[in-house]
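See below for the structure under consideration.
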Amino acid sequence: MRGIDELGDLRGQRVLLRSDLNVPLDGDTITDDGRVRASVPTIQQLTAAGARVVVMAHLGRPKGTPEAKYSLAPVAKRLGELLGADVAFAADTVGESARKTVAALADGEVALLENLRFDARETSKDDAERGAFAAELAELGDLFVSDGFGVVHRKQASVYDLAQALPHAAGLLVRAETQAFSKVLDDPERPYVVVLGGSKVSDKLGVIDNLLEKVDRLLIGGGMAFTFLKAQGYEVGGSLLEEDQLDTVREYLTRAADRGVELVLPVDVVVAADISADAATSVVPASAIPADQKGLDIGPATIELFRGKLADAKTVVWNGPMGVFELAPFAEGTRQVAIAVSEVDGTSVVGGGDSAAAVRQLGLDEDAFTHISTGGGVSLELLEGKELPGLTVLES
Ligand code: ADP
Ligand code: MG
19 MRGIDELGDL RGQRVLLRSD LNVPLDGDTI TDDGRVRASV PTIQQLTAAG ARVVVMAHLG
79 RPKGTPEAKY SLAPVAKRLG ELLGADVAFA ADTVGESARK TVAALADGEV ALLENLRFDA
139 RETSKDDAER GAFAAELAEL GDLFVSDGFG VVHRKQASVY DLAQALPHAA GLLVRAETQA
199 FSKVLDDPER PYVVVLGGSK VSDKLGVIDN LLEKVDRLLI GGGMAFTFLK AQGYEVGGSL
259 LEEDQLDTVR EYLTRAADRG VELVLPVDVV VAADISADAA TSVVPASAIP ADQKGLDIGP
319 ATIELFRGKL ADAKTVVWNG PMGVFELAPF AEGTRQVAIA VSEVDGTSVV GGGDSAAAVR
379 QLGLDEDAFT HISTGGGVSL ELLEGKELPG LTVLES
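19 is the number of the first residue of the sequence shown in my numbering; add one for each residue after it.
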């Protein structure tokens with residue numbers, strides 16, 4: 019995968035840069051600018067090299083036509099603040115405003131095009147439609163840089179087809195993300211421990227399937243643990259349970275045993291009658307969850323057990339909170355496991371949108387992890403071992 023350095027002299031070159039600027043908005047206010055921040059280093063590298071940078075991105079899920087509430091205008095403003103420079107904003111994607119805005123750029127300047135998904139061809143399933151949109155985008159640039167890690171699993175015009183239309187490279191974010199994942203997927207130092215949690219086991223079947231072939235230990239917490247506990251014959255009360263996955267989970271338990279993978283489940287659970295911030299909680303053994311209670315976090319003995327299983331790890335991947343970390347009474351398991359992951363003497367990678375959010379929300383030191391992925395869905399697809407169109411296309 020080529021990097022920006024391999025694109026040659028960038029001075030005066032118009033670089034079309036796909037970034038992931040899909041931020042949460044409350045009216046015009048960006049409530050979390052993490053993705054805008056993550057896009058800055060690549061933009062700065064390009065402007066420092068004298069490129070004329072044309073940033074392309076999407077916001078939300080408009081239905082292929084302009085809608086004011088999905089305008090990227092507030093993002094252009096925030097990006098300008100973070101760069102400490104004006105960001106020219108084009109009121110369309112491939113129309114007159116875009117052409118004029120790009121033509122007016124001087125070397126080292128930055129423009130942002132309006133939401134790509136205001137054009138239905140961006141996400142079309144029809145290759146010719148997407149190709150036509152990519153060809154119109156390609157007229158606005160000389161080179162293409164792919165840095166929207168959160169969208170590289172999408173076969174979309176600005177992610178996939180544009181890379182076929184122009185000389186291309188991967189941006190710093192896409193490089194860092196893919197390097198982190200290829201290290202843990204292809205070349206892990208051992209012991210290799212994966213910690214999985216989150217709400218539904220059915221969301222993570224592909225991840226478990228792929229990682230069972232690679233890891234030494236698999237620690238399972240969060241809502242998905244209860245389907246495993248039930249598969250082992252325990253009653254789980256009102257906890258999250260996916261009855262239709264019991265057979266699959268039993269197969270995982272067997273496969274783990276056959277392969278010598280240590281599959282570790284909670285031994286105690288924080289339970290409450292309701293999911294609320296002032297719920298009365300108690301800790302019960304995983305084998306004795308009362309019928310009228312829900313398991314909402316792993317208990318203290320499980321925290322100790324998981325810490326022990328992580329202590330000698332050389333590679334750790336963590337995906338999925340250990341409990342309902344959004345509420346204080348059920349956050350301790352996630353906090354303690356996150357700290358244990360960050361303390362690992364080796365490579366620690368956090369994947370999953372809510373897991374990364376948990377690290378931030380719980381005020382943990384983000385720098386203590388080797389890598390915290392910015393891509394929720396993408397990181398899961400990588401952990402599933404899937405080939406992602408937006409990455410494959412950059413290899414050619
Ligand atoms: P990620 O986005 O990191 O992949 P998921 O989306 O799979 O994670 O799961 C995150 C959600 O799982 C959180 O909103 C959290 O509240 C919920 N969750 C974790 N443990 C439980 C539990 N025991 N019961 C209900 N929900 C849970
Ligand atoms: Mg999630």
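Positions of the beta carbon are idealized from the N, C-alpha and C atoms, including for glycine.
Counting the other Cβ atoms within 10 Å of the Cβ of residue 157 gives fewer than 16, which makes it exposed. Its chain contains 365 as the residues whose beta carbon lies nearer than 7 Å to that of residue 201, once the 5 sequence neighbours on both sides are disregarded; these appear in chain order. As summarised for the segment 81-154, the continuous beta strand (DSSP E) elements at least 3 residues long and confined to that stretch are 105-107 and 128-130, given in chain order. The chain-ordered list of residues whose CB is nearer than 7 Å to some heavy atom of the ligand MG reads 216, 370, 371, 372 and 394. Close CB contacts of residue 295 within its chain, under the 8 Å cut and outside five residues either way in sequence, are with 345, 346 and 347 (chain order).
For residue 151, the closest of 123, 113 and 124 by C-alpha to C-alpha distance is 113. Between the ligand ADP and residue 338, a heavy atom-to-CB distance of less than 6 Å is present. DSSP places residue 280 inside the beta strand (DSSP E), whose first and last residues are 280-282. In terms of Cα proximity to residue 102, the closest of 90, 116 and 59 is 59. Pairing residue 391 with residue 223, the inter-Cα distance amounts to about 20 Å.
The way I'd put it, the segment 375-390 doesn't touch the segment 30-48; fewer than three beta-carbon pairs between them come closer than 8 Å. DSSP lists 289 as the beta-bridge partner residues of residue 300.
In this structure, 168 is the residue among 168, 216, 318 and 315 with its C-alpha nearest to the C-alpha of residue 394.
At the C-beta level, residue 34 and residue 162 come within 7 Å of one another. Under DSSP, residue 162 forms a beta bridge with 34 and 186. When rounded, the separation of the alpha-carbon atoms in residue 81 and residue 98 is 27 Å. In this chain, the beta strand (DSSP E) harbouring residue 366 covers 365-369. Put simply, the backbone Cα of residue 245 is about 8 Å away from that of residue 258. For residue 327, the secondary structure class from DSSP, reduced to helix, strand or coil, is helix.
Taking every protein chain shown into account, the CB of residue 42 has fewer than 16 other CB atoms within 10 angstroms, so this residue is exposed. A residue is called buried once 16 or more other Cβ atoms fall within 10 Å of its Cβ, and residue 373 is buried on that count.
Residue 163 has its CB no nearer than 6 Å to any heavy atom of the ligand ADP. In the three-state reduction of the DSSP assignment, residue 307 falls in the coil class. If you check the CB distance, residue 283 and residue 238 come in under 7 Å.
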